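Undergrad: Following this note's numbering, the numbering of the sequence shown begins with 42 at its first residue and continues without gaps.
Quick one: the structure is below, questions incoming.
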Amino acid sequence: MKFTNLLGSRLKDDDVIEVLEHYDINVIYDFDRTHENMEDVYWAASTDGGFQFRFNEDQVLDTVFLYVTAREGFSIISREEIDVPVFDTFDDAEQECSSKGLPFKQSQGTPGSDGYKWWIKIDFGVYTVHYQFKQGSLLMVTLGLVPIGRCS
C-alpha cells in the first residue's frame, strides 16, 4: 500500500474510504472529553492488517503507525505493504542516512542506557519516518506528515 501517498489526505477522500472499506475499518472520534484543550483526533485501525491511521482535528491523515512486530493487539504488517525503507537495526538506518545524505534525528543515550539507539527519525521532506527499536531489533515504523511551513 502507498501509505506515504495517503499522508495529507482527508478522511472522506476516495483513496482513504477505499482503504477503510477494503479492511473493514471503523473510524473512532476521540474528542477532548476532559476539557484539557487537546485537539480532537480520529483513529482508524486495522489490527489484522498491522496498521493504524491518525487523522487530526481537520480530518487530515497526519500519522500512520506500522506494526512490524505483533503488539498492542495488532498483527504484524507485511513488509511488502510498507512503501518506505525498512531497517532491521538502528545501525542500518544510520548508515543509510549517512550514505545518502538524508537528514535525521536520533535518540540520545549512552551505551547500555534504554535511550541508546532507541529510535531514529529520517526527514524525507514532506513526511518523516520514525523507526523505533527495542533490544537492537525494529519494533515499529511511524510515518508522519510534515506540516506546511514547519520543520520536522
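From the three backbone atoms N, C-alpha and C, an ideal C-beta is built for every residue, glycine too.
Values in this document were obtained by computation on a predicted structure and should not be read as measured data.
1. So, under 8 Å CB-CB, Gln173 and Leu180 are touching, yes? Tell me the CB distance rounded to an integer number of Å.
2. Rounded to the nearest angstrom, what separates Gly49 and Gly91 at their Cα positions?
3. Helix, strand or coil: how does DSSP classify Ser148 here?
4. Under the three-state reduction of DSSP, which class applies to Arg74: helix, strand or coil?
5. Per DSSP, what are the beta-bridge partners of Phe94 in this structure?
6. Between Phe165 and Leu143, is the Cβ-Cβ spacing less than 9 Å?
7. Taking 9 Å as the threshold (C-beta atoms), are Phe128 and Gln147 in contact?
TA: Let's see:
1. Numbered from its first residue, the sequence shown carries residue 173 at position 132. Numbered from its first residue, the sequence shown carries residue 180 at position 139. Yes, they are in contact, since the Cβ atoms of Gln173 and Leu180 sit about 5 Å apart, within 8 Å.
2. Looking up residue 49 in the sequence shown gives position 8. Looking up residue 91 in the sequence shown gives position 50. In this model, Gly49 and Gly91 are separated by some 20 Å (Cα to Cα).
3. Residue numbering aside, residue 148 sits at position 107 when the sequence shown is read from its first letter. When secondary structure is reduced to three states using DSSP, Ser148 falls in the coil class, being assigned neither helix nor strand.
4. Here residue 74 refers to the residue found at position 33 when the sequence shown is read from its first residue. In this structure, Arg74 counts as coil in the three-state DSSP scheme.
5. Position 53 of the sequence shown, counted from the first residue, corresponds to residue 94. Residue pairing by DSSP places Phe94 opposite Ala85, Val105 in a beta bridge.
6. Looking up residue 165 in the sequence shown gives position 124. Looking up residue 143 in the sequence shown gives position 102. In contact: Phe165 and Leu143 (Cβ atoms closer than 9 Å).
7. On the sequence shown, position 106 is the one that residue 147 refers to. On the sequence shown, position 87 is the one that residue 128 refers to. Judged by their CB atoms, Gln147 and Phe128 are not nearer to each other than the 9 Å cut-off.
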